[in-house]
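Everything below concerns the one structure shown next.
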Amino acid sequence: MTLTLASPVTVILGGVWGLLILATAVIWRLAPAPDSELRQRIRSWWLIVALCSLALTFNRTAALLFFGLVSFLALKEYLTLIPTRHADRRVLFWAYLSIPVQYYWIGVEWYGMFIIFIPVYMFLLLPVAMVLIGETQGHLRAAGTLHWGLMTMVFSLSHLAFLLVLPQTQYPQVSGPGLVLFLLLLTELNDVAQFCWGKLLGKHKISPKVSPNKTVEGFVGGLLTTVLLSALLAPWLTPFSVRDALLAGALIAVAGFFGDLSLSALKRDLSIKDSGNLLPGHGGILDRVDSLTYTAPLFFHFTRYFYF
Amino acid sequence: MWPLVLRLLFFLLIVKPFLLLAVGVNVRNRSRLPRGGPALIVANHNSHLDALVLVAMLPLRLLSRARPAASAAYFLRGRWRAWFARNVIGIIPVETGGGRSHAEVLGEVRDVLAAGNIVIFFPEGTRGEPECLGKLKTGIVWLAQELPTVPIYPVRLCGLGRVLPKGDWLPVPFFCDAWVGEPLHWDGDRQRFMTALAASLGGSTL
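Note that the protein sequences, when read in sequence, are chains A and B.
FYI, this note's numbering numbers position 306 of the first sequence as 306, with every residue one higher than the one before it.
FYI, this note's numbering numbers position 167 of the second sequence as 167, with every residue one higher than the one before it.
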């Protein structure tokens, strides 16, 4: 993955930086208080965009390390939030160790192992570790919640990284970082667009119990915005035909919406508002990767099935 | 000189990266922390990591003056451990038990504080159950009475007992919080002082 100065990835990243500067200028006007939530949020966006730019332009190893770190922080935040049993400390340690192993499979481009390691091997192994320790009280809950966390924070998110190593011989214009950038950008902009349309026009709540801020108007506005953006960006970053670009945009919008809701339901269940405070203004890292836990695997399989 | 360099390297290259990456300690109200000595930092105690966290959250220039008070019986057992505890972690050994008076047990702690240092002190005396403040011992009252002008900074630690609990050697990553409270001063009323201290350390009763 060599990148020249004018590759599509660097051009689009340049556009993202431009957008960020613009958004910062607007928010500095809108929210004059130095520690307002909007200002904190934009400051965190600077950090996120800087780290993503570095990871996507440096080299493959840096990108894998970066996404591995994101999985680690997300799993750590999840395990901090949920109740865990003292007896399972060793088991949790093994669960953390699955992260470098999962990203190693990606590094060596072993698709078969990448796709079954967590759903099959970790799924079977962690309960074995629990059984060997011998605590049966709360076994199902411990095994179930731990595997849910691994599937969401490690397995799902690691699909982002596997986009980096999809063989690109038949599409010389398309690069792994380009596909990742496409997915990241559309997922995050879909969140932002749903939020903005919801604020502007939102009336009919979709799921008042799980997330009272989600409205039909916000969802549809986000969907249309994302489909449009997908059609604009796809020729630069993906091998998609126009029809598939529209489909991919719709897929990301719908999947992102349900990823967000799924993590909201988790937070409701645990009676918390923000999952942490790693990213001031956003909450924790789970509040930022929630949509990605759904869009990453679904977009990956869409792309791989039709193009690679 | 050498121990100080070792101490600096230990905190800079091992403790701080470990706490940042493997643990993730979130210090709330960092601006309330002391900017110099003498100062007494007190916290609830659930893990061996507590003292390291409290030293590491101070600015690096105060490192040479930050000294955790720790059990002599545990930390001075064995030549290597004793050397490491004294020189690298920089503990003030405290000999407890056996009908000793406060002056005998905490005399060195008082002297180190009086010399203008920052002492880290666990009023529970020992590590207890995670997220459950044990009964505060009276040593803290004696220290406060001896040095009434030294400000006392309560820090409530959450989660470290999950990362590395008593009786285990394997740390498991979890995010942790350290809440720095408003500084307390000795005002002559023992009951009021202990109640305020316990409340700021997350305990409801004494």
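No residue lacks a Cβ here, since even glycine has one placed at the ideal position from N, Cα and C.
Treat the numbers as computed from the prediction; the structure is a model and nothing was measured.
Cutoff 8 Å: residue i Cβ touching any chain A Cβ
{"i": "Leu-206/B", "result": "The predicted model places Leu-206/B with a pLDDT of 40, which falls under 50 and marks its position as unreliable; any figure quoted below should be read in that light. Answer no: the Cβ-Cβ gap between Leu-206/B and chain A never drops below 8 Å."}
{"i": "Asp-168/B", "result": "yes"}
{"i": "Gly-139/B", "result": "no"}
{"i": "Gly-202/B", "result": "no"}
{"i": "Gly-24/B", "result": "yes"}
{"i": "Lys-16/B", "result": "no"}
C-alpha distance - residue i paired with residue j, whole-angstrom precision
{"i": "Leu-348/A", "j": "Ala-66/B", "result": "What is shown of chain A runs 1 to 308, which leaves residue 348/A out entirely."}
{"i": "Phe-174/B", "j": "Gln-173/A", "result": "42 Å"}
{"i": "Pro-34/B", "j": "Val-109/B", "result": "18 Å"}
{"i": "Ile-82/A", "j": "Leu-266/A", "result": "9 Å"}
{"i": "Leu-6/B", "j": "Val-27/B", "result": "25 Å"}
{"i": "Pro-34/A", "j": "Gly-161/B", "result": "35 Å"}
{"i": "Tyr-171/A", "j": "Gly-218/A", "result": "35 Å"}
{"i": "Leu-206/B", "j": "Leu-197/B", "result": "Model confidence at Leu-206/B stands at a pLDDT of 40, short of 50, so the residue's coordinates are unreliable; what they give is reported in the following sentence. When rounded, the distance between both Cα atoms is 10 Å."}
{"i": "His-102/B", "j": "Gly-203/B", "result": "24 Å"}
{"i": "Leu-20/A", "j": "Gln-137/A", "result": "50 Å"}
{"i": "Ser-44/A", "j": "Ser-175/A", "result": "27 Å"}
{"i": "Tyr-121/A", "j": "Val-180/A", "result": "27 Å"}
{"i": "Met-1/A", "j": "Leu-62/B", "result": "In this prediction, Met-1/A has a pLDDT of 49, which is less than 50 and means its spatial position is unreliable; what the coordinates show is noted afterwards. Those two C-alpha atoms are separated by around 46 Å."}
{"i": "Phe-162/A", "j": "Val-91/A", "result": "26 Å"}
{"i": "Tyr-78/A", "j": "Ser-275/A", "result": "8 Å"}
{"i": "Val-21/B", "j": "Val-53/B", "result": "Position check: residue 21/B holds Leu in this sequence, whereas Val was assumed. So the alpha carbons of these two residues sit roughly 13 Å apart."}
{"i": "Val-15/B", "j": "Gly-116/B", "result": "24 Å"}
{"i": "Ile-206/A", "j": "Ala-193/A", "result": "16 Å"}
{"i": "Gly-134/B", "j": "Phe-121/B", "result": "14 Å"}
{"i": "Met-130/A", "j": "Met-194/B", "result": "42 Å"}
{"i": "His-45/B", "j": "Phe-123/A", "result": "36 Å"}
{"i": "Met-113/A", "j": "Leu-270/A", "result": "33 Å"}
{"i": "Leu-186/A", "j": "Gln-40/A", "result": "22 Å"}
{"i": "Ala-39/B", "j": "Pro-154/B", "result": "11 Å"}
{"i": "Trp-17/A", "j": "Cys-176/B", "result": "33 Å"}
Closer than 8 Å to chain B by CB, residue i
{"i": "Gly-276/A", "result": "yes"}
{"i": "Glu-217/A", "result": "no"}
{"i": "Arg-90/A", "result": "yes"}
{"i": "Phe-240/A", "result": "no"}
{"i": "Phe-93/A", "result": "yes"}
{"i": "Gly-149/A", "result": "no"}
Simplified DSSP assignment, three categories, for residue i
{"i": "Arg-85/A", "result": "coil"}
{"i": "Arg-100/B", "result": "coil"}
{"i": "Thr-138/B", "result": "coil"}
{"i": "Phe-182/A", "result": "helix"}
{"i": "Pro-171/B", "result": "coil"}
{"i": "Tyr-153/B", "result": "strand"}
{"i": "Val-112/B", "result": "helix"}
{"i": "Asp-269/A", "result": "helix"}
{"i": "Val-174/A", "result": "coil"}
{"i": "Phe-122/B", "result": "coil"}
{"i": "Cys-196/A", "result": "helix"}
{"i": "Ala-31/A", "result": "coil"}
{"i": "Trp-186/B", "result": "coil"}
{"i": "Leu-232/A", "result": "helix"}
{"i": "Leu-16/B", "result": "Inspection of the sequence shows that residue 16/B is occupied by Lys rather than by Leu. It is helical."}
{"i": "Val-227/A", "result": "helix"}
{"i": "Asp-287/A", "result": "helix"}
{"i": "Thr-187/A", "result": "helix"}
{"i": "Ile-89/B", "result": "helix"}
{"i": "Val-25/B", "result": "strand"}
{"i": "Ile-206/A", "result": "coil"}
Interface flag, residue i vs chain E, CB-CB below 8 Å
{"i": "Ala-199/B", "result": "Protein chains in the displayed structure are A and B, and chain E is not among them."}
Quick one: which unbroken alpha helix (DSSP H) runs of 4-plus residues sit fully inside the region 43-79 of chain B? Chain order, please.
-> 49-56, 72-75
Would you mind listing the beta strand (DSSP E) stretches within the region 79-157 of chain A that are 3+ residues and don't spill past its ends, in chain order?
-> none
Name, going along the chain, the residues of the region 170-196 of chain B whose beta-carbon falls closer than 7 Å to a beta-carbon of chain A.
-> Leu-170, Val-172, Pro-173, Phe-174, Phe-175
Taking any Cβ of chain A, which residues in the region 147-162 of chain B have a Cβ under 9 Å from it, in chain order?
-> Gly-159, Arg-162
Going along the region 60-84 of chain A in order, which residues come within less than 7 Å of chain B, judged by CB to CB distance?
-> Lys-76, Glu-77, Leu-79, Thr-80
When Cβ atoms are compared, which residues of the region 253-271 of chain A fall closer than 8 Å to chain B?
-> none
Name, going along the chain, the residues of the region 93-118 of chain A whose beta-carbon falls closer than 9 Å to a beta-carbon of chain B.
-> Phe-93, Tyr-96
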